[in-house]
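Q: Numbering (my numbering), first residue to last: 135 to 446. The beta-carbon is built from N, C-alpha and C at its ideal position, and this holds for glycine as well. Mind having a look at this structure? Questions to follow.
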Amino acid sequence: MSNKAITPEYIWSDGAVVRWEDARIHVWTDALCGINVFEGLRGYWRPSDERHHVLHLDRHLHRLLGSLKAARIPCPYAADDFAKGIGELLAALGYREHVYLRPTVLLEKGKYSTDPGEVRTRAFIPIFPVPATSARAGVHCTVSSWRRPSDLAMPPRIKAGANYYNLRLARLEAADRGADEPILLGEDGKVAETGGASVFLVRDGRIITPPVTASILESITRDTVLTLARADLGYETLERPVDRTELYAADEVFLTGTLCEIAPVLSVDGIPVRGRAGPVTAALQETYQKICAGDGGHQDWLTPGPTGPVTA
C-alpha cells in the first residue's frame, strides 16, 4: 500500500469510532517486538446502491481469529465485533470510492504471557481510499536472494506484522534491481510468494500455484482465483511445488492478492513472459472485476456496508 495514503478523519479503536489523532498507544509497548496480527480487505464502492461491498469479510475475520489463536494473542473481540466496527467506521468516514481495510490486533503488554491478568490487548481498524490498482497492467519481478521462512521458524500462514520484515528486505532488494516485486523462494528452494501476493503460472493451458504448505500465507484471494479458474472458467488447476526455472518457461505468470487483485507478470529476472496479460490472466481479471462490481456471480462473497455517512 502506498505511503502516500491520506490520513482518515476517523479510526475504529478498541471498540469505538474515534478521531484519528485520539487513537494512541505508548511508545514503550510490547507491540514493538512485532507481536501483532492483521488482515487486509477491500471494500468496493457501488454507485448503484451507494454503499461499499466488502469482499470475503467473514473469511478474512475468520483468518484473523485463526492467526490470533496460532500466535497465542488473547483478544476480547469476536468476528461480529470487528464486522460491526467496520460498518460503523465506513458510515462515519463517508467515502464514496473503493477502500482498503486493515483490522489489526496487537499485544500492548505481556509478551511472554497468556495470563489474562498480565496481558493487555489492543485492536484498531483504519480504512483508506484506494484507486483501481495500477498493477492490473502488469509488474516486473525478480527472484529474491532472501528466503521465505518455514513454518518451523516464522509461520507464514500467521498474518503477523513480524513476518513482513523478511518481505521488506526482499522488496528493497527488488527496488535496487529495478523490479516492482520480489518473488521469494522457500528454504527448500521452491517458489513461495511475493512481498504481498500469491504466485501463479500457466503452462500448456494449466494453472499452477505452490501449495499452502510452501511457506506461504493461506491467501483468500488465491483460493478465490482457484475457484474461479475451475468452476467458472473450466481451467485445470494444480497445486504443487514450483521450480524457479518454471517461471522463465511459463506461458503466463500472474500474482493475486487483496491489493494487487490479479496482476500479470511481464518479466522475471529480466526474462520476458509476454509483455502483457495473457489470455488466461485476462479472463480471470475480467471475471474477478465483474464480481467485485456486482455484475457477475458469487455475490454471496460480498458483504454490503451501510449507506450514507453518520456523525461519529
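(1) Which residues bound the beta strand (DSSP E) around L175?
(2) Can you grab the Cα-Cα spacing for the pair R305 / S278, in whole Å?
(3) Closer than 8 Å is the cut-off here; do at least three beta carbon pairs connect the segment 420-432 with the segment 362-381?
(4) So, are the CB atoms of F262 and Y298 less than 8 Å apart?
(5) Mind checking V161: buried by the 16 CB within 10 Å criterion, or exposed?
(6) Is the segment 427-441 in contact with the segment 181-192, if contact means three or more CB pairs nearer than 8 Å?
(7) With H, G and I counted as helix, E and B as strand and the rest as coil, what does DSSP make of R145?
(8) Three-state secondary structure (DSSP) at S136?
(9) In this structure, what does DSSP give as the bridge partners for V333?
(10) What span of residues does the alpha helix (DSSP H) with Y369 cover, start to end?
(11) May I have a chain-ordered list of the beta strand (DSSP E) segments no shorter than 3 residues that lie completely inside the segment 295-343?
(12) Report the residue ranges of all beta strand (DSSP E) runs contained in full by the segment 177-210; include only those spanning at least 3 residues, in chain order.
(13) Going by beta carbon distance, what residues of the same chain come within less than 6 Å of G133, once the five residues before and after it are set aside?
(14) Measuring alpha carbon to alpha carbon, tell me which of K243, T141, W435 ends up nearest V264.
(15) Short check: CB of R236 to CB of F172, under 8 Å?
(16) Considering only C-alpha positions, which residue in the set L351, S349, A363 is nearest to I342?
(17) For R410 and V359, what's the separation of their Cα atoms in angstroms?
(18) How about H187 and G412: do their beta carbons lie closer than 8 Å?
(19) For the candidate residues S349, T328, V273, whose alpha-carbon lies nearest to that of A287?
(20) What's the gap between the Cα of R153 and the Cα of I159?
(21) Between which two residues does the alpha helix (DSSP H) containing E395 stretch?
(22) Around the C-beta of R197, are 16 or more other C-beta atoms found within 10 angstroms, so that it is buried, or is it exposed?
A: Taking the definition as stated:
(1) 175-180
(2) 8 Å
(3) yes
(4) no
(5) exposed
(6) yes
(7) Per the sequence shown, residue 145 should be read as Ile rather than Arg. It is a strand residue.
(8) For S136, the predicted model reports a pLDDT of 45, less than 50, meaning its position is unreliable; a value from the coordinates is still stated below. In the structure shown, S136 sits in coil (DSSP, three-state: anything other than H, G, I, E or B).
(9) L389
(10) Neither: Y369 is in no alpha helix (DSSP H) and is coded neither H nor E.
(11) 315-320, 325-328, 332-337, 340-343
(12) 185-189
(13) In the structure as shown, the chain starts at 135 and stops at 446, and residue 133 therefore has no counterpart that could be examined.
(14) T141
(15) yes
(16) A363
(17) 19 Å
(18) no
(19) S349
(20) 14 Å
(21) Element bounds for E395: not the alpha helix (DSSP H) but the beta strand (DSSP E), 395-402.
(22) buried
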